[in-house]
Amino acid sequence: GECVDGGVGGVWNAGGGRGAVDAVWGGKGEGVLVLLGGLDGPSVAAGLREVPFDRVAVYDVEGQKWRYQPTTGTRPTPRGRFCIAGVQGPNGTYEIFIYGGMLTGGDSSDEVYVLSLPGFVFFKAPGRSTKRAAHSCVVVGKRQLLSVGGTDGSLGFPNSLLNPDPWRQGLGVFDMTRMAWSDGYRADAEAYDSPAIVREWYAQGGLKSVTWASPELERLFTLAPLPSPGTPSDLNSPTPGGGGGGGAPGSPPTGSSTPVGAIAGGVVGGVAVLALVGLAIWFMRRRRARQSAVEVAPAEVKYVYTGNWKGHGIGTAPQELEGNSGASELPARHGYSEAGTSISHAQAELPGSTAGWNERGRY
Numbered sequence: 001g002e003c004v005d006g007g008v009g010g011v012w013n014a015g016g017g018r019g020a021v022d023a024v025w026g027g028k029g030e031g032v033l034v035l036l037g038g039l040d041g042p043s044v045a046a047g048l049r050e051v052p053f054d055r056v057a058v059y060d061v062e063g064q065k066w067r068y069q070p071t072t073g074t075r076p077t078p079r080g081r082f083c084i085a086g087v088q089g090p091n092g093t094y095e096i097f098i099y100g101g102m103l104t105g106g107d108s109s110d111e112v113y114v115l116s117l118p119g120f121v122f123f124k125a126p127g128r129s130t131k132r133a134a135h136s137c138v139v140v141g142k143r144q145l146l147s148v149g150g151t152d153g154s155l156g157f158p159n160s161l162l163n164p165d166p167w168r169q170g171l172g173v174f175d176m177t178r179m180a181w182s183d184g185y186r187a188d189a190e191a192y193d194s195p196a197i198v199r200e201w202y203a204q205g206g207l208k209s210v211t212w213a214s215p216e217l218e219r220l221f222t223l224a225p226l227p228s229p230g231t232p233s234d235l236n237s238p239t240p241g242g243g244g245g246g247g248a249p250g251s252p253p254t255g256s257s258t259p260v261g262a263i264a265g266g267v268v269g270g271v272a273v274l275a276l277v278g279l280a281i282w283f284m285r286r287r288r289a290r291q292s293a294v295e296v297a298p299a300e301v302k303y304v305y306t307g308n309w310k311g312h313g314i315g316t317a318p319q320e321l322e323g324n325s326g327a328s329e330l331p332a333r334h335g336y337s338e339a340g341t342s343i344s345h346a347q348a349e350l351p352g353s354t355a356g357w358n359e360r361g362r363y
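Using UniProt numbering, the letters of the sequence shown correspond one by one to residues 1 to 363.
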């Protein structure tokens, strides 16, 4: 089989076989590639055999050389068409999760295994799930494995394609820390930590039991001392390798140089803090300015006479009448006067030559 580097177009011969490859970055050198499981043979027509998981192929990117390391623990049975995805542990480990696949005899698997590096030890997740093959897996969020697509290959063609998928839209979510399937994706999930069974293995000194295939391979996976039993994991402590899709197990950074990621993170964090402080100061000043404007705003004008009252023919200031004055009835008997009978004007006859006449009323 061959591994092809799409970035530079290089082809590396692994000595035959087609399996699943996971890139493990960081550590010493330029990281490694891990090839495990799958099928081996010159062609399908000539026959393919399943590759056991009792050893894995490790490609040293810097040295451009394949090496093989035996594994221990609860290994998966040989299979093909499974999916894998890897994640960096907080204590310098690197876990590769394996789900499903086609088994010998044509059956499909619903099992989940995890291979922890640098221990090269397998663990099996408890419980059952959905049988699946020819699918893909990817790490999403902080600690969840997403299975995409695939079928139950044991049903054969075309039944495997026509059979309704028990998962909505063919998506399954696996919590890698709890080593259990979830009902759905959690955006607020906590940061990834190695499963409890993995942490316990390292805490009990399991790394000392590893039999390395070569000193060169051991140097690639040299780790800093792991925490003793009962010591909680520090999720905020720096891990070897850093960046991208997870670092490889390897020695801690040498010298006193600061990782570029830490510098960039510090700069971005500092700029964000300064921006927030500036925004807070601007907001407080604006609020105070508004309060000052309210305090000096003219109050409601009340027209109140404050001068001396100058009465016009009245010696006192104006007084308001009594609001609750009682009603008064006029007297029932009123005196009356009769108009005089004498007429103030004497009678006179108009001239006879007047064509018309006008009579004036008496006043």
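Even glycine gets a Cβ: it sits at the ideal position worked out from N, Cα and C.
According to the DSSP secondary-structure assignment, Phe123 is paired through a beta bridge with Val114. Between the segment 93-108 and the segment 76-85, the count of C-beta pairs closer than 8 angstroms reaches three or more; the two stretches touch. Boundaries cannot be given for Tyr185, as no alpha helix (DSSP H) includes it and DSSP labels it neither H nor E.
DSSP, reduced to helix, strand and coil, places Met284 within a helical segment of the structure shown. Burial state of Gly47 is exposed, judged by a 10 Å Cβ sphere holding fewer than 16 other Cβ atoms. Between Glu190 and Asp60, the C-beta gap is not smaller than 9 angstroms, which leaves the two residues out of contact. The beta-carbon separation of Thr93 and Leu115, rounded to 11 angstroms, does not stay under the 8 angstroms limit for a contact. Where Trp201 is concerned, the enclosing alpha helix (DSSP H) starts and stops at Ala196 to Ala203. Each of Ile96, Gly206 and Ala203 was checked against the Cα of Leu33, and the nearest Cα belongs to Ile96. Counting only runs of 3+ residues, the beta strand (DSSP E) found wholly inside the segment 26-79 occupies 32-40, 55-60 and 65-70, in chain order. When C-alpha distances from Arg199 are compared across Ile84, Pro90 and Trp66, the shortest belongs to Pro90.
Sixteen is the threshold: when 16 or more other Cβ atoms of the shown chains lie within 10 Å of the Cβ of Ser108, as they do, the residue is buried. For the pair Pro52 and Arg67, the CB atoms are not nearer than the 9 angstroms cut-off.
In the structure shown, Ser209 adopts helical secondary structure according to DSSP, grouped into three states. Gly63 sits away from Phe122, with the two beta carbons spaced by 9 angstroms or more. A straight line joining the alpha-carbon of Leu207 with that of Thr71 spans about 12 angstroms.
Taking C-beta atoms under 8 angstroms as the contact rule, Gly119 and His135 fail to qualify, at a distance of about 27 angstroms.
For Leu161, the enclosing alpha helix (DSSP H) covers residues Asn159 to Leu162. The closest CA to that of Arg168, considering only Gln69, Ser147, Ile197 and Ser43, is found on Ser147.
9 angstroms or more divides the Cβ of Gly106 from the Cβ of Ser182. Take the alpha-carbon of Ser214 and the one of Val24: they are about 19 angstroms apart. Residue state for Gly105 is assigned as coil, using DSSP reduced to three classes.
Apart from the 5 residues on each side of it in sequence, Tyr113 sits with its Cβ closer than 6 angstroms to the Cβ of Pro76, Ile98, Phe122 and Lys124 in its chain, given in chain order.
Here Thr151 is bridged, per DSSP, to Ala133. Under the 10 Å beta carbon count, Val139 is surrounded by 16 or more other beta carbons and is classified as buried. When the alpha-carbon of Asp193 is set against those of Phe221, Gly156, Gly205 and Gln144, the nearest one is in Gln144. A residue is called buried when at least 16 other Cβ atoms come within 10 angstroms of its Cβ; Gly172 meets this threshold and is buried.
Counting the other Cβ atoms within 10 Å of the Cβ of Ile281 gives fewer than 16, which makes it exposed. When the Cα atoms are used, Gly37 and Gly278 turn out to be separated by approximately 56 angstroms.
If you check the CB distance, Thr211 and Pro195 do not come in under 9 angstroms.
Taking 9 angstroms as the cut-off, the Cβ atoms of Leu39 and Ala57 do not count as close.
Nearest in C-alpha terms to Asp22, of all of Gln88, Arg49 and Gly41, is Gln88. When the five nearest sequence neighbours on each side are left out, the beta carbons in the same chain lying within less than 7 angstroms of the beta carbon of Trp201 are those of Gly119 and Val121, in order along the chain. Per DSSP, Glu216 is not a residue of any beta strand (DSSP E); the alpha helix (DSSP H) it occupies stretches across Pro215 to Leu220. DSSP places Ala189 in no beta strand (DSSP E); its state is neither H nor E. As DSSP reads the structure, Phe174 sits in a beta bridge with Leu145 and Trp181.
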